[in-house]
Amino acid sequence: MHRVRLTIAHNPDDSIDDLRCAANLQRDLWAHSPVEIDPGSELHGIRRDPDRNAFFEFATAYLPEVHRVLREFGYDGRVKMEILEEGNGAECIKCGHIAPELETVCSRCGFRDIEPCPYCNNEIARLAYIPVRAEVFKCPMCHHRVRLQFNEPLVDASDDYKQPLIRVSPAEAPVRHDV
91 MHRVRLTIAH NPDDSIDDLR CAANLQRDLW AHSPVEIDPG SELHGIRRDP
141 DRNAFFEFAT AYLPEVHRVL REFGYDGRVK MEILEEGNGA ECIKCGHIAP
191 ELETVCSRCG FRDIEPCPYC NNEIARLAYI PVRAEVFKCP MCHHRVRLQF
241 NEPLVDASDD YKQPLIRVSP AEAPVRHDV
């Protein structure tokens, strides 16, 4: 994963044009590539730097696709791409940090992404579970099947994501001992 910043060069004749270009670029990334970007998200929001250039940041594992969209949709001359951080983990939904390795709790802001395995009680990152089907996964430590589901509702009364983001529950039928 890479944390990327795309900066749109400021147009001194038309400041609105900067924001329009950034919004169009977000839309093109979302519509024409596998890059996961949410134009409405505060995390991916468009801001201005001290030089009045518009920019936005996001995490992706698809750098070649970002380059392709910049080239094919005519952003090459106006947009500069910077890699801000790299890691093997997922992007924290709260602060955007990309962990250098798989984490269950963000090392920057402390947000809990996933609860421990209900069988072995080990802290296992979401990406480390082995897919079986749909929402059923296998724990890489104890090999029991578990369900990974979003904590519903996703946000609390203050509009913050609830912790943990992902609930882990047993997916195997309990063993009956009375038979």
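So the sequence shown is residues 91 to 269, counted in the working numbering. All C-beta atoms in this analysis are idealised placements derived from N, C-alpha and C, irrespective of residue type, glycine included. Quick caveat, the model's predicted, so the values are computed rather than measured.
Roughly how many angstroms separate the alpha carbons of A168 and R161, rounded to a whole number? The sequence given here has Arg at residue 168, not Ala. Using only the alpha carbons, I get a separation of about 11 Å.
Rounded to a whole number of angstroms, what is the C-alpha to C-alpha distance between P221 and V195? Each residue's alpha carbon lies about 21 Å from the other.
Between which residues of its own chain and A113 is the CB-CB distance below 8 Å, once the five residues before and five after are set aside? Cβ neighbours of A113 beyond the five flanking positions: P129, I136.
Mind listing, in chain order, the continuous beta strand (DSSP E) runs of no fewer than 3 residues lying wholly within the segment 232-257? Along the segment 232-257, the beta strand (DSSP E) occurs as fully enclosed runs of 3 or more residues at 235-240, listed in sequence order.
In terms of DSSP beta bridges, what is I55 paired with? Past the boundaries of the shown model lies residue 55; the chain is included only from 91 to 269, so the question cannot be answered.
Where the alpha helix (DSSP H) containing V271 begins and where it ends: Absent from the structure is residue 271, since the part of the chain shown begins at 91 and ends at 269.
Inspect the beta-carbon positions of E242 and A215 and report whether they are closer than 8 Å. No. Outside cutoff.
Can you list, in chain order, the residues of its chain whose CB lies under 8 Å from that of F201, leaving out five sequence neighbours each side? Correct list, in chain order: C182, I183, K184, C185, V195, Y251, Q253, L255.
Since L96 is in the beta strand (DSSP E), which residue starts that stretch and which ends it? Unbroken beta strand (DSSP E) run through L96: 92-98.
State the beta-bridge partners of T150 as determined by DSSP. DSSP output for T150 lists H92 as bridge partner(s).
How big is the Cα-Cα spacing for N211 and V226? Straight-line measurement puts the Cα of V226 at about 17 Å from the Cα of N211.
Would you kindly check if the distance between the Cβ of V156 and the Cβ of M171 is under 8 Å? Going by beta carbons, M171 and V156 fall inside the 8 Å limit.
Our contact map puts A149 next to M91 with C-beta atoms below 8 Å; I'd like the distance itself, whole angstroms only. Indeed they touch by this definition, with Cβ atoms about 5 Å apart.
Same chain only: Cβ atoms within 7 Å of H100, ignoring 5 sequence neighbours per side: For H100, same chain residues with a beta-carbon under 7 Å away, outside a window of 5 residues either side, are D108, D141, R142, N143 in chain order.
Output the distance between the C-alpha atoms of R223 and V236, rounded to the nearest integer angstrom. Their Cα atoms are separated by approximately 11 Å.
Please state whether DSSP places A189 in a helix, a strand or coil. Of the three classes helix, strand and coil, the one that applies to A189 here is coil, per DSSP.
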